[in-house]
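The structure appears below as structure tokens.
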Amino acid sequence: MSTADLFGGSAANLIDGSDANGRNDVGSRATKLRAQLHHHGHQYYVLDAPTIPDAEYDRLFKELQALEAAHPELLTPDSPTQRVGGKPLDAFAKVTDRLAPMLSIRTETDTEASGAEAFDTRIRKELTLTDTDPLVEYVAELKFDGLAMSLRYENGVLVQASTRGDGETGEDVTQNIRTIGQIPLRLPVHAPAVLEVRGEVYMTRAHFENLNERQRARIAAGEKGEKTFVNPRNAAAGAVRQLDPSIAAQRPLSFFAYSLILPSKSKDGSGTISEKYLDGLIHHDIHTQGKALDKLREWGFPICEHTEVVKGSAGLVAFHQKISQVRDALPFDIDGVVYKVNDIQKEMRLGFVTREPRWAVAHKYPAQEQLTTVQAIEVQVGRTGKLTPVAKLAPVFVGGVTVTNATLHNEDEARRKDVRVGDTVVVRRAGDVIPEVVSVVLEKRPQDAQIFTMLHQCPVCGSPAVREEGEADYRCTGGLFCSAQRKQAILHFAHRRAVEIEDLGDKLVEQLVDAGVVKTLPDLYRLGLTALVTLERMAEKSANNVLVSIEKSKQTTLPRFLFGLGIRHVGEATAKELARHFGKMDAIMDATVDQLLQVADVGPIVAQSLRTFFDQPHNREVVEQLRACGVTWTEGEPTAGASLPLAGQTFVLTGTLPTLSRDEAKDMLEAAGAKVSGSVSKKTHCVVAGSEAGSKLDKAIELGIKVLDEAGLKKLLSVD
Ligand code: IVH
């Protein structure tokens, strides 16, 4: 049965009150639209596998909105149009009538893998199992770091969403929760008449970073009352507790379900916690936590893919270890894993201690936030001259690594957080994100804590630093005169995706610049063996390797060279577009802003940045000298106006191709005008797959995207 079947049919008609005989045309059209939108919403939000284009979804959505506007009597609380957020509230109503209280779980204090063994030992003892009895089965789940939510469904419709509160009494946040696309507003017809789903509302790290990025831009633009959020959990909690649901609707939230509660037989609410929690499952023939999760998945709830049924302590330990290895790569924060006894009968025997089940435990990982002290605040200079205040910290173990530096982003952020030298601060490190100071513990501020003021001068070269109108950052105006920028600029030029000087690492660049041997890019090509071997720790053999790789880099391509110059806002893709459009370096250097604006991907900011760069005689001089030193590339004909065969198409490469390297295939595709992206989405036109292609290929097949092998690719590009 497809999800569309599950959501459609006569029960839907009963719910929206339209003519049960289907004679009411408008009513049945609305019902049909709702069923279609439920189905496609589930494909999109939960399965991440849309089968219709966004525009088609929007069309159906608008049609339903129009019908409901013209016939308000057709509007139902489970209508997908109700996700956009209703009227602001004055306060949240209290919710007291839940099927069972919302509980917490015990935390295993031993954070090592052995904590899992301790839990299994305890469970076996409490179940009076002996060594000869079989292993206990557990469901191992992630412990999501968001906020607990209880969703109540009656006759298949979401009627109430409430926060945990004190466990007994929560707050009614239904309006806000309806805006979360992953939460079904309606369940399939065969779901029980009354049920509660417990789970976690969270924000992904990417959405969190993005939200804070936007908030920082708002603050820089002078918008009042805006602030950045401390962590994804905080941002999610803030969104859920928004009295204005239209604001909540703009905050991208996600959801994972982890428990199902069904009404127990004793309907008067008098039962024990165990009865309230577990009886209903047994009565509905759901005998394991695993089965409950299967049901929830079947009804359309998102269940985390890192959920496993495991056996005995070895199974738990293996799960704990496996997750600790992927933790940084997860798209969301977790603070540990949760183990639950799988068998509900066993859970009933184990029971509850006050507010906590004996059959579950949270096994934590090292925290992603820690306290430490600020020993100094330094200002670092980036490649484009951006000055970043960085807090130097007393070393602290956060999120699995020792952190000694944490960014304060920019002047406004540093001022807003008012971080002072001597302060005790909360440091956060989650995933691959750069460690960050999130807040100051004011109660611990020493009397002599020193206020930080942003430098108005480059700390490295002494040139004036300026902050332009509407910008958040100060920049050193020293350009390549500034040795910090010079080091970064040289490393950028030598980068694998620029002219590629293999043996030129950051230590060597540091030495070369500090010794005054390399002042500009062309100096690299004037290096001799003598200059290199006089550097500390540089033997003749490695010096020779460096010279060979410098020599090799002379033969390059126009896009690589252009990208390597490190012009602000000119990334790899823009460099490629520019090279394709103009064909020749001189044409790019001499192009007017208007001519630059003709290039795909080039907007006013990029065009101005290019013009400013090439208007400076010393930059043109650098280009001339590099050419004089023998750096060459093949110039092409301008293709301005000509349309390339794959223009506007997005390709994804996955797996190992038999003869082409990843970079070669990418270059070929880009030369034909295609964009090469790292992930498959409904916007992808084609996936080129080699051996050992993994999830990207699966996804392409799932989404019905065209898949080519290497031979197919060559045929497409006519390079056979
Ligand atoms: S089960 C009776 N499972 O952890 C068991 N809770 O102290 C009830 N949490 O704030 C909870 N991930 O929101 C359970 N996979 C998971 C969880 C989880 C996160 C949170 C929960 C609550 C706290 C429990």
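Using our numbering, you'd call the opening residue of the sequence shown number 321 and step up by one each time. Glycine is no exception: its CB is placed at the ideal position from the N, C-alpha and C atoms.
Per DSSP, the unbroken beta strand (DSSP E) holding MET469 starts and ends at 467-474. Under the three-state reduction of DSSP, TYR458 is assigned to strand. Per the coordinates, the alpha-carbon of VAL477 lies some 10 Å from the alpha-carbon of ALA511. Taking C-beta separations shorter than 6 Å and ignoring five residues to either side along the sequence, the partners of ASP793 in its chain run LYS706, ASN730, following chain order.
For LEU691, the beta-bridge partners assigned by DSSP are VAL746. If you draw a straight line from the Cα of TYR659 to the Cα of LYS615, it is about 19 Å long. By the criterion of at least three beta-carbon pairs nearer than 8 Å, the segment 440-456 is not in contact with the segment 387-401. In the three-state DSSP reduction, ASN730 falls in the coil class, being neither helix nor strand. Minimum Cα-Cα distance from GLY968 among the listed residues GLU955, ASP935, CYS1006, THR979 corresponds to CYS1006.
Exclusion of the five residues before and after VAL661 leaves ILE443, VAL456, TYR458, GLU667, LEU670, TRP679 as the residues of its chain whose Cβ lies within less than 7 Å of its Cβ. The continuous stretches of alpha helix (DSSP H) do not include ALA994, and DSSP gives it neither H nor E.
In the structure shown, TYR377 falls within a helical segment according to DSSP collapsed to helix, strand and coil. Not one heavy atom of the ligand IVH lies closer than 7 Å to the C-beta of PRO709. With 16 or more other Cβ atoms from the protein chains shown falling within 10 Å of its own Cβ, ASP743 counts as buried. About 6 Å separates the beta carbons of PRO709 and VAL699, which is inside the 8 Å limit, making them a contact pair. Ranked by Cα distance from ASN496, the options ALA557, THR431, THR850 are led by ALA557. At a threshold of 7 Å, LYS1035 does not count as near the ligand IVH, since its beta carbon sits no closer than that to any of the ligand's heavy atoms. Here the alpha carbons of LEU394 and ALA568 stand approximately 25 Å from one another.
Per DSSP, THR850 is one residue of the alpha helix (DSSP H) stretching across 849-853. Under the 8 Å Cβ criterion, the segment 837-854 counts as touching the segment 930-950, having at least three qualifying pairs.
For the set ARG787, ALA750, THR979, ASP987, the Cα lying nearest the Cα of ASP655 is the one of ALA750. In the three-state DSSP reduction, ASP843 falls in the helix class (H, G or I). Excluding residues up to 5 positions away in sequence, GLU546, LYS547, THR548, PHE549 lie with their Cβ nearer than 8 Å to the Cβ of GLN535 in the same chain. Contact between VAL415 and SER482 holds: CB atoms are separated by about 4 Å, below the 8 Å threshold. By the C-beta density criterion, HIS603 is exposed, having fewer than 16 other C-beta atoms within 10 angstroms. At a Cβ-Cβ threshold of 8 Å, GLU830 and SER873 do not count as neighbours.
When DSSP states are grouped into helix, strand and coil, ASP648 belongs to the helix group. Residue burial is scored here from C-beta neighbours: ASP440 has at least 16 other C-beta atoms within 10 angstroms and is therefore classed as buried. Remark: the shortest separation between the CB of PRO677 and any heavy atom of the ligand IVH falls under 7 Å. Secondary structure of LEU395 (DSSP, three-state): coil. Between ARG506 and HIS358, the gap from beta carbon to beta carbon is short of 8 Å. Within the segment 948-1026, the complete beta strand (DSSP E) segments at least 3 residues long are 970-974, 995-997, 1006-1009, listed from N- to C-terminus. Taken atom to atom, the span from the alpha-carbon of ALA1009 to that of ALA369 is near 19 Å.
ALA985 places its beta carbon 8 Å or farther from that of LEU966. The beta carbon of THR976 sits closer than 8 Å to those of GLY1010, SER1011, GLU1012, all from its chain and outside the five residues before and after it, given in chain order.
Here THR974 really is in contact with LEU1017; their C-beta atoms are around 6 Å apart, less than 8 Å.
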